[in-house]
(Lines of atoms letter the chains of each structure in order from A and count residues from 1; the text may use other names and numbers.)
(Lines give C-alpha, C1' and ligand atoms only; values in the text may rest on other atoms or scores of the structure.)
Protein backbone atom coordinates (compact mmCIF):
# COMPACT_ATOMS: atom_id res chain seq x y z
CA UNK A 1 0.00 0.00 0.00
CA UNK A 2 2.87 2.38 0.65
CA UNK A 3 3.54 2.77 -3.08
CA UNK A 4 -0.05 4.05 -3.44
CA UNK A 5 0.31 6.64 -0.71
CA UNK A 6 1.24 9.50 -3.11
CA UNK A 7 -1.91 8.77 -5.14
CA UNK A 8 -4.00 8.74 -1.96
CA UNK A 9 -2.54 12.08 -0.91
CA UNK A 10 -3.11 13.48 -4.39
CA UNK A 11 -6.74 12.35 -4.24
CA UNK A 12 -7.27 14.08 -0.90
CA UNK A 13 -5.67 17.34 -2.04
CA UNK A 14 -7.51 17.45 -5.37
CA UNK A 15 -10.80 16.69 -3.59
CA UNK A 16 -10.32 19.68 -1.31
CA UNK A 17 -9.40 22.00 -4.18
CA UNK A 18 -12.28 20.84 -6.40
CA UNK A 19 -14.82 20.85 -3.57
CA UNK A 20 -13.95 24.28 -2.28
CA UNK A 21 -14.18 25.80 -5.76
CA UNK A 22 -17.92 26.07 -5.11
CA UNK A 23 -17.15 29.15 -3.06
CA UNK A 24 -15.59 30.88 -6.09
CA UNK A 25 -19.05 31.07 -7.62
CA UNK A 26 -20.24 33.27 -4.77
CA UNK A 27 -17.77 36.09 -5.47
CA UNK A 28 -19.30 37.45 -8.72
CA UNK A 29 -22.80 36.84 -7.37
CA UNK A 30 -22.17 39.11 -4.38
CA UNK A 31 -21.16 41.87 -6.80
CA UNK A 32 -24.05 41.63 -9.25
CA UNK A 33 -26.71 39.52 -7.54
CA UNK A 34 -29.56 41.99 -8.11
CA UNK A 35 -29.01 41.70 -11.87
CA UNK A 36 -29.23 37.90 -11.90
CA UNK A 37 -32.39 35.87 -12.28
CA UNK A 38 -33.85 32.51 -13.18
CA UNK A 39 -32.32 32.45 -16.65
CA UNK A 40 -28.84 32.86 -15.20
CA UNK A 41 -29.41 30.03 -12.71
CA UNK A 42 -30.63 27.67 -15.43
CA UNK A 43 -27.76 28.62 -17.75
CA UNK A 44 -25.19 28.05 -15.00
CA UNK A 45 -26.66 24.69 -14.04
CA UNK A 46 -26.88 23.69 -17.70
CA UNK A 47 -23.20 24.48 -18.22
CA UNK A 48 -22.32 22.49 -15.09
CA UNK A 49 -24.33 19.54 -16.44
CA UNK A 50 -22.43 19.63 -19.74
CA UNK A 51 -19.08 19.63 -17.96
CA UNK A 52 -20.17 16.67 -15.81
CA UNK A 53 -21.32 14.68 -18.84
CA UNK A 54 -18.05 15.25 -20.70
CA UNK A 55 -16.01 14.32 -17.64
CA UNK A 56 -18.08 11.17 -17.13
CA UNK A 57 -17.66 10.13 -20.76
CA UNK A 58 -13.98 10.86 -21.35
CA UNK A 59 -12.28 10.80 -17.94
CA UNK A 60 -14.27 8.08 -16.15
CA UNK A 61 -15.96 5.83 -18.72
CA UNK A 62 -13.01 5.46 -21.09
CA UNK A 63 -10.43 4.62 -18.35
CA UNK A 64 -12.89 2.20 -16.73
CA UNK A 65 -13.32 0.35 -20.02
CA UNK A 66 -9.58 0.34 -20.73
CA UNK A 67 -8.64 -0.96 -17.28
CA UNK A 68 -11.46 -3.43 -16.59
CA UNK A 69 -13.22 -4.18 -19.85
CA UNK A 70 -16.94 -3.98 -20.68
CA UNK A 71 -18.33 -6.40 -18.07
CA UNK A 72 -16.76 -4.64 -15.09
CA UNK A 73 -17.78 -1.31 -16.56
CA UNK A 74 -21.42 -2.38 -16.99
CA UNK A 75 -21.57 -3.72 -13.43
CA UNK A 76 -20.06 -0.59 -11.89
CA UNK A 77 -21.96 1.87 -14.08
CA UNK A 78 -25.36 0.37 -13.35
CA UNK A 79 -24.57 0.00 -9.65
CA UNK A 80 -23.66 3.68 -9.43
CA UNK A 81 -26.95 4.72 -10.99
CA UNK A 82 -28.99 2.35 -8.82
CA UNK A 83 -27.30 3.47 -5.59
CA UNK A 84 -28.02 7.14 -6.28
CA UNK A 85 -31.57 6.27 -7.33
CA UNK A 86 -32.19 4.44 -4.04
CA UNK A 87 -30.83 7.35 -2.00
CA UNK A 88 -33.00 9.70 -4.04
CA UNK A 89 -36.14 7.62 -3.46
CA UNK A 90 -35.79 6.87 0.23
CA UNK A 91 -33.89 9.78 1.79
CA UNK A 92 -35.94 12.88 2.62
CA UNK A 93 -34.75 15.90 0.63
CA UNK A 94 -35.98 19.10 -0.96
CA UNK A 95 -35.33 20.58 -4.41
CA UNK A 96 -35.59 24.27 -5.17
CA UNK A 97 -38.28 23.77 -7.82
CA UNK A 98 -39.40 20.13 -7.81
CA UNK A 99 -40.12 20.30 -4.09
CA UNK A 100 -39.99 17.41 -1.63
CA UNK A 101 -38.85 13.91 -2.58
CA UNK A 102 -38.23 10.73 -0.60
CA UNK A 103 -39.59 9.96 2.84
CA UNK A 104 -41.69 12.53 4.68
CA UNK A 105 -40.00 13.56 7.95
CA UNK A 106 -41.63 16.63 9.48
CA UNK A 107 -38.94 17.06 12.14
CA UNK A 108 -36.33 17.99 9.55
CA UNK A 109 -36.14 21.67 8.65
CA UNK A 110 -36.23 22.75 5.02
CA UNK A 111 -32.59 23.78 5.21
CA UNK A 112 -31.49 20.27 6.18
CA UNK A 113 -33.66 18.81 3.43
CA UNK A 114 -31.74 21.01 0.98
CA UNK A 115 -28.45 19.81 2.46
CA UNK A 116 -29.48 16.16 2.01
CA UNK A 117 -30.40 16.85 -1.62
CA UNK A 118 -27.02 18.48 -2.18
CA UNK A 119 -25.29 15.50 -0.56
CA UNK A 120 -27.01 13.04 -2.93
CA UNK A 121 -25.95 15.25 -5.83
CA UNK A 122 -22.38 16.13 -4.88
CA UNK A 123 -20.99 13.05 -3.10
CA UNK A 124 -20.52 11.13 -6.39
CA UNK A 125 -18.68 14.12 -7.89
CA UNK A 126 -16.19 14.19 -5.03
CA UNK A 127 -15.85 10.42 -5.18
CA UNK A 128 -14.90 10.70 -8.86
CA UNK A 129 -12.04 13.05 -7.98
CA UNK A 130 -10.69 10.75 -5.28
CA UNK A 131 -10.92 7.62 -7.43
CA UNK A 132 -9.37 9.19 -10.52
CA UNK A 133 -6.30 10.23 -8.50
CA UNK A 134 -5.04 6.70 -9.15
CA UNK A 135 -5.25 7.18 -12.93
CA UNK A 136 -3.70 9.47 -15.54
CA UNK A 137 -7.02 11.34 -15.66
CA UNK A 138 -6.58 12.70 -12.11
CA UNK A 139 -6.09 16.35 -13.03
CA UNK A 140 -8.69 16.27 -15.82
CA UNK A 141 -11.41 15.06 -13.46
CA UNK A 142 -10.38 17.47 -10.70
CA UNK A 143 -10.43 20.34 -13.19
CA UNK A 144 -13.80 19.27 -14.57
CA UNK A 145 -15.44 18.98 -11.16
CA UNK A 146 -13.80 22.20 -10.00
CA UNK A 147 -14.98 24.04 -13.11
CA UNK A 148 -18.55 22.83 -12.83
CA UNK A 149 -18.59 23.65 -9.12
CA UNK A 150 -18.12 27.36 -9.86
CA UNK A 151 -21.39 27.85 -11.81
CA UNK A 152 -23.11 25.27 -9.59
CA UNK A 153 -22.01 27.13 -6.45
CA UNK A 154 -23.22 30.42 -7.94
CA UNK A 155 -26.58 28.90 -8.88
CA UNK A 156 -27.01 27.33 -5.43
CA UNK A 157 -26.21 30.61 -3.69
CA UNK A 158 -28.56 32.63 -5.91
CA UNK A 159 -31.41 30.14 -5.46
CA UNK A 160 -31.00 30.13 -1.67
CA UNK A 161 -30.96 33.92 -1.45
CA UNK A 162 -33.98 34.16 -3.73
CA UNK A 163 -35.72 31.61 -1.49
CA UNK A 164 -35.35 33.98 1.45
CA UNK A 165 -32.15 32.78 3.11
CA UNK A 166 -29.68 35.36 4.39
CA UNK A 167 -26.39 35.82 2.53
CA UNK A 168 -24.58 34.30 5.51
CA UNK A 169 -26.71 31.16 5.67
CA UNK A 170 -26.75 30.79 1.88
CA UNK A 171 -22.97 31.00 1.89
CA UNK A 172 -22.74 28.39 4.66
CA UNK A 173 -24.97 25.93 2.78
CA UNK A 174 -22.97 26.52 -0.41
CA UNK A 175 -19.81 25.76 1.57
CA UNK A 176 -21.43 22.52 2.76
CA UNK A 177 -21.94 21.48 -0.87
CA UNK A 178 -18.18 21.67 -1.34
CA UNK A 179 -17.49 19.88 1.94
CA UNK A 180 -19.70 16.99 0.78
CA UNK A 181 -17.48 16.60 -2.28
CA UNK A 182 -14.39 16.54 -0.08
CA UNK A 183 -15.91 13.69 1.93
CA UNK A 184 -16.75 11.88 -1.29
CA UNK A 185 -13.16 12.31 -2.46
CA UNK A 186 -11.79 10.92 0.79
CA UNK A 187 -14.09 7.91 0.49
CA UNK A 188 -13.22 7.21 -3.14
CA UNK A 189 -9.47 7.57 -2.67
CA UNK A 190 -9.52 5.41 0.46
CA UNK A 191 -11.38 2.61 -1.31
CA UNK A 192 -8.79 2.41 -4.10
CA UNK A 193 -5.94 2.74 -1.60
CA UNK A 194 -7.29 -0.35 0.19
CA UNK A 195 -7.67 -2.35 -3.04
CA UNK A 196 -6.59 -1.30 -6.53
CA UNK A 197 -8.70 -4.15 -7.91
CA UNK A 198 -11.71 -1.91 -7.24
CA UNK A 199 -10.46 0.80 -9.61
CA UNK A 200 -12.40 -0.12 -12.80
CA UNK A 201 -15.58 -0.77 -10.81
CA UNK A 202 -15.31 2.49 -8.88
CA UNK A 203 -14.54 4.56 -12.00
CA UNK A 204 -17.61 3.10 -13.66
CA UNK A 205 -19.68 3.57 -10.49
CA UNK A 206 -18.74 7.24 -10.33
CA UNK A 207 -19.62 7.67 -14.01
CA UNK A 208 -23.01 5.99 -13.58
CA UNK A 209 -23.79 8.04 -10.50
CA UNK A 210 -22.88 11.33 -12.19
CA UNK A 211 -24.82 10.60 -15.38
CA UNK A 212 -27.86 9.66 -13.28
CA UNK A 213 -27.62 12.90 -11.30
CA UNK A 214 -27.38 14.98 -14.49
CA UNK A 215 -30.38 13.25 -16.10
CA UNK A 216 -32.59 12.91 -13.02
CA UNK A 217 -31.75 16.07 -11.09
CA UNK A 218 -29.89 18.80 -12.97
CA UNK A 219 -31.53 18.79 -16.40
CA UNK A 220 -35.14 18.54 -15.12
CA UNK A 221 -34.44 21.35 -12.65
CA UNK A 222 -33.34 23.63 -15.51
CA UNK A 223 -36.38 22.79 -17.64
CA UNK A 224 -39.11 23.83 -15.21
CA UNK A 225 -39.18 27.58 -15.81
CA UNK A 226 -39.35 27.91 -19.58
CA UNK A 227 -35.60 28.20 -20.11
CA UNK A 228 -35.13 24.81 -21.76
CA UNK A 229 -33.38 26.08 -24.89
CA UNK A 230 -31.02 28.34 -22.97
CA UNK A 231 -30.06 25.58 -20.53
CA UNK A 232 -29.61 23.11 -23.41
CA UNK A 233 -27.21 25.40 -25.27
CA UNK A 234 -25.41 26.04 -21.98
CA UNK A 235 -25.09 22.27 -21.52
CA UNK A 236 -23.66 21.97 -25.04
CA UNK A 237 -21.21 24.78 -24.29
CA UNK A 238 -20.06 23.11 -21.06
CA UNK A 239 -19.66 19.79 -22.85
CA UNK A 240 -17.61 21.40 -25.64
CA UNK A 241 -15.33 23.28 -23.25
CA UNK A 242 -14.61 20.18 -21.15
CA UNK A 243 -14.10 17.99 -24.24
CA UNK A 244 -11.54 20.40 -25.67
CA UNK A 245 -9.77 20.75 -22.33
CA UNK A 246 -9.62 16.97 -22.01
CA UNK A 247 -7.78 16.77 -25.35
CA UNK A 248 -5.46 19.68 -24.53
CA UNK A 249 -4.57 18.25 -21.12
CA UNK A 250 -4.05 14.78 -22.60
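In our numbering, the protein residues as written are 19 to 268.
All residues carry an ideal CB built from backbone N, CA and C; glycine is no exception.
Nothing here was measured: the structure is a model prediction, and the numbers come from that model.
In the displayed model, residue 154 falls within coil according to three-state DSSP, outside both helix and strand. Here residue 182 is exposed: its Cβ has fewer than 16 other Cβ atoms, across all protein chains shown, within 10 Å. The way I'd put it, the segment 230-244 doesn't touch the segment 254-266; fewer than three beta-carbon pairs between them come closer than 8 Å. Cβ neighbours of residue 60 within its own chain (closer than 7 Å, five residues either side excluded): 240, 243, 245, 248, 249.
The beta carbon of residue 223 is closer than 6 Å to those of 94, 97, 98 in its chain, skipping five residues each way along the sequence.
Following the DSSP letters along the chain, one finds residue 208 inside the alpha helix (DSSP H) bounded by residues 185-212. Between residue 205 and residue 165, the CB-CB gap reaches or exceeds 8 Å.
Separation of the CB atoms of residue 37 and residue 199 is rounded to 4 Å, and the pair is thereby assigned contact status at 8 Å. Rounded to whole angstroms, residue 78 and residue 207 show a C-alpha spacing of 14 Å. Straight-line spacing of the CA atoms in residue 196 and residue 260 works out to 20 Å. Taking 8 Å as the cut-off, the Cβ atoms of residue 105 and residue 138 count as close. Burial check for residue 81: the Cβ neighbour count within 10 Å reaches 16 or more, so the residue is buried.
In the pairwise beta carbon analysis, the segment 164-179 is classified as touching the segment 187-195: at least three pairs are separated by under 8 Å. Separation of the CB atoms of residue 210 and residue 159 is rounded to 13 Å, and the pair is thereby denied contact status at 8 Å. In the DSSP annotation of this structure, the continuous segment of the alpha helix (DSSP H) that includes residue 71 starts and ends at 56-73. Each residue's CA atom was taken as its position, placing residue 26 and residue 152 some 8 Å apart. Per DSSP, residue 91 is one residue of the alpha helix (DSSP H) stretching across 80-108. Per DSSP, reduced to three states, the secondary structure at residue 245 is coil, with no helix or strand assignment.
The beta carbon of residue 218 sits closer than 6 Å to the beta carbons of 82, 85, 86, 90 from its chain, once the five residues preceding and following it are set aside; these are given in chain order.
For the set 216, 226, 163, the Cα lying nearest the Cα of residue 63 is the one of 163. Residue range 237-240 is occupied by the alpha helix (DSSP H) that includes residue 239. If you draw a straight line from the Cα of residue 143 to the Cα of residue 28, it comes to about 16 Å. In summary, residue 213 is exposed, with fewer than 16 beta-carbon neighbours lying within 10 Å of its beta-carbon over all protein chains present. Contact check for residue 147 against residue 227 fails: the beta carbons are separated by 8 Å or more.
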